[in-house]
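Protein chains in written order, with our numbering: chain A, -9 to 67; chain B, -9 to 67.
C-beta: ideal position from N, C-alpha, C; glycine also.
These notes concern the structure reproduced below.
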């Protein structure tokens, strides 16, 4: 999975965000991050840091371990 | 937990590494990262990136979700 980790992570964030019907702009506000940064993360273009992973998980109301369980479940995409 | 996320993450990595009786130097080699970088991570001084979290989890032979379950279990330290 390592090879595609950023891509699968981004895809998972996007899926979870959309499942909560949150726009990218609103989500960026909730994370206190820039919208283009969220967009890049969702496209797998950013090697996101642990602190920002924490902000994203908090905004999605999920603990980080459960977030990565979702990522691992999506690893076959 | 957010406030201490880097610290608790680092503490967890150190604990798991020591439980496998791996030196910091050997662990750095296994992760393909520098020893001082591993040292800084363990001290909570580095905002480690997702790709490096993946390398660390792989070296510890644990999936990322289980690694963060350990981090969350250590959050009360």
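According to the DSSP assignment, residue 42 of chain B belongs to the alpha helix (DSSP H) that extends over 40 to 49.
Shown in chain order are the members of the stretch 25 to 42 of chain B whose Cβ falls below 7 Å from a Cβ of chain A: 37, 38, 39, 40 and 41. By the neighbour-count definition (other C-beta atoms within 10 Å, threshold 16), residue 0 of chain A is a buried residue.
Just so you know, the alpha carbons of residue 26 of chain A and residue 37 of chain A end up roughly 14 Å apart. Taken through DSSP and simplified to helix, strand or coil, residue 18 of chain A comes out as helix.
For a cut-off of 8 Å, the C-beta gap from residue 59 of chain B to residue 55 of chain A is around 4 Å, short enough to register as a contact. Distance from the Cα of residue 35 of chain B is smallest, within the candidate group A:8, A:49, A:39 and A:3, for A:39. As the crow flies, the alpha-carbon of residue 51 of chain B is around 14 Å from that of residue 5 of chain B. Distance between residue 57 of chain A and residue 48 of chain A, taken at the CA atoms: about 10 Å. Annotation for residue 11 of chain B: no alpha helix (DSSP H) segment contains it, and DSSP assigns it neither H nor E. Rounded to the nearest angstrom, the gap between the Cα atoms of residue -5 of chain A and residue 22 of chain B is 17 Å.
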